[in-house]
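*Asks:*
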Amino acid sequence: MPQMATQATTTPAKRGAPGVAFGFCVSHAPQILLRPKAEDPAEIDKVHEGYRMVARRAAQQDVDALCIVALDHLHNHFLNLVPQFTIFTGSPVVAQFNRTRVECGADPGIANSLIDGLLAQDFDPAFSQNEVLDHSFMIPLHDIAPELSVPVVPIIVNAYVPPQPSIDRCFRLGQAVARWATDSGLRVGIVSSGGMSHYPGTKQFHNPDVASDHRVLDWLRAGEPERLVRLDAATLDTMGMVEMRTWAVSLGARSGHGGGATVHSYWDSGHCGYAIVEF
Ligand SMILES: [Fe+2]
């Protein structure tokens, strides 16, 4: 008797549509890697698990690339030139914190295609082929890269050197990223690295605005990112949220999908709100 075919186990899963398949926002405080004794190891473990979740989602969603949106803490962009938005187009992607370097696969073709897509939508990003990205990239990539099988496309936002782009402009950049992905037939994931409330190098270092963190997370859970992106630069600064400009890019990139965000974890470390948010 002929045997029944076992098609179900061999047919590949149907591929999803082009566009931005998933979005995450995460934190990148150096202590997440340094693990000082004063910080709860279980809470830090949740942050690392969140980073690994990004890589798993990239595999589950069968994406072509992972865009990572972070910033520059005056390592690369300061006195000589401060672009508001920069796309890294070199290969490989290298990010470093102290003596630890992380190297990720890159696809300059995809990165250059993103520049073309943004130029066509009235954004004029700078680009760089020779830059060692700082800890805002390195700390999440430290856990993401080993489990990631697709190239990384870094987007660097000027979060620290005034005048910075408005958070609304960052949100609209994200929307342009989504249109580029859809129009070019690419399926990408996006992760933003920054915040939440913290005041590095100031007297307020040990007093992050935790109440504002919870307010923002409530807005995102309710699917209302526009309440965050309506904030002006002075208010963001007062809330310790200048880095949330990076979050706005991913929120914009996923804004067409509606629905609220999932807050996988949040912890007030005493100097910064560590968050893992997916939407
Ligand atoms: Fe930072």
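Here our numbering is used: the first residue of the sequence shown is 335, the next is one more, and so on. Glycine included, C-beta positions come from ideal geometry on N, C-alpha and C. Keep in mind it's a predicted model, so treat the numbers as computed, not measured.
Under a three-way DSSP split, which group does Arg435 fall into?
*Replies:* Start at 1 with the first residue of the sequence shown, and residue 435 comes out as number 101. Strand.
*Asks:* At what residues does the beta strand (DSSP E) containing Leu400 begin and finish?
*Replies:* Here residue 400 refers to the residue found at position 66 of the sequence shown. Boundaries of the beta strand (DSSP E) harbouring Leu400: 399-405, taken from the DSSP string.
*Asks:* Is Pro352 near Thr516, with beta carbons less than 8 Å apart?
*Replies:* Looking up residue 352 in the sequence shown gives position 18. Looking up residue 516 in the sequence shown gives position 182. The answer is yes: Cβ separation under 8 Å.
*Asks:* Consider the C-beta atom of Gly535 and the heavy atoms of ligand 1; say whether any pair is separated by less than 7 Å.
*Replies:* Mapped onto the sequence shown, residue 535 falls at position 201. Incorrect: Gly535 has no Cβ contact closer than 7 Å to ligand 1.
*Asks:* Out of Met578, Glu558, Trp581, Gly604, which has the shortest C-alpha to C-alpha gap to Gly594?
*Replies:* Against the sequence shown, residue 594 aligns to sequence position 260. Of Met578, Glu558, Trp581, Gly604, the residue nearest in Cα terms is Glu558.
*Asks:* Please report the straight-line C-alpha distance between Val511 and Gly451, rounded to a whole angstrom.
*Replies:* Along the sequence shown, one-based indexing puts residue 511 at 177. Along the sequence shown, one-based indexing puts residue 451 at 117. Their Cα atoms are separated by approximately 8 Å.
*Asks:* Would Thr340 be called buried (16 or more neighbouring beta carbons within 10 Å of its own) or exposed?
*Replies:* Looking up residue 340 in the sequence shown gives position 6. Residue placement at Thr340 is flagged as unreliable, the pLDDT there being 41, under the threshold of 50; the coordinate-derived value follows with that caveat. It is exposed - the Cβ of Thr340 has fewer than 16 other Cβ atoms within 10 Å.
*Asks:* Just tell me which of His605, Thr596, Pro426, Ser546 has its CA closest to the CA of Val484.
*Replies:* Position 150 of the sequence shown holds residue 484. Nearest of His605, Thr596, Pro426, Ser546 to Val484, Cα basis: Pro426.
*Asks:* CA-CA distance, Val360 and Val550?
*Replies:* Counting from one through the sequence shown, the residue named residue 360 turns up at place 26. Counting from one through the sequence shown, the residue named residue 550 turns up at place 216. Cα to Cα, Val360 sits roughly 14 Å from Val550.
*Asks:* Look up Cys504 in the DSSP assignment and say whether it is helix, strand or coil.
*Replies:* Your numbering for residue 504 matches position 170 in the sequence shown. Three-state DSSP puts Cys504 in a helix.
*Asks:* Are there any heavy atoms of ligand 1 lying less than 7 Å away from the beta-carbon of Gly574, as far as the coordinates show?
*Replies:* Reading the sequence shown from its first residue, position 240 is the one you call residue 574. Flag unset: Cβ of Gly574 not near ligand 1.
*Asks:* DSSP three-state call for Ser447: helix, strand or coil?
*Replies:* Taking the sequence shown and counting its residues from 1, one reaches residue 447 at position 113. The answer is helix: DSSP assigns Ser447 an H, G or I state.
*Asks:* If we require 3 or more residues per run, which beta strand (DSSP E) segments fall completely within the stretch 586-610?
*Replies:* 596-602
*Asks:* Cβ-heavy atom distance between Gly357 and ligand 1 below 7 Å?
*Replies:* Counted from its first residue, the sequence shown places residue 357 at position 23. Gly357 Cβ: outside cutoff for every heavy atom of ligand 1.
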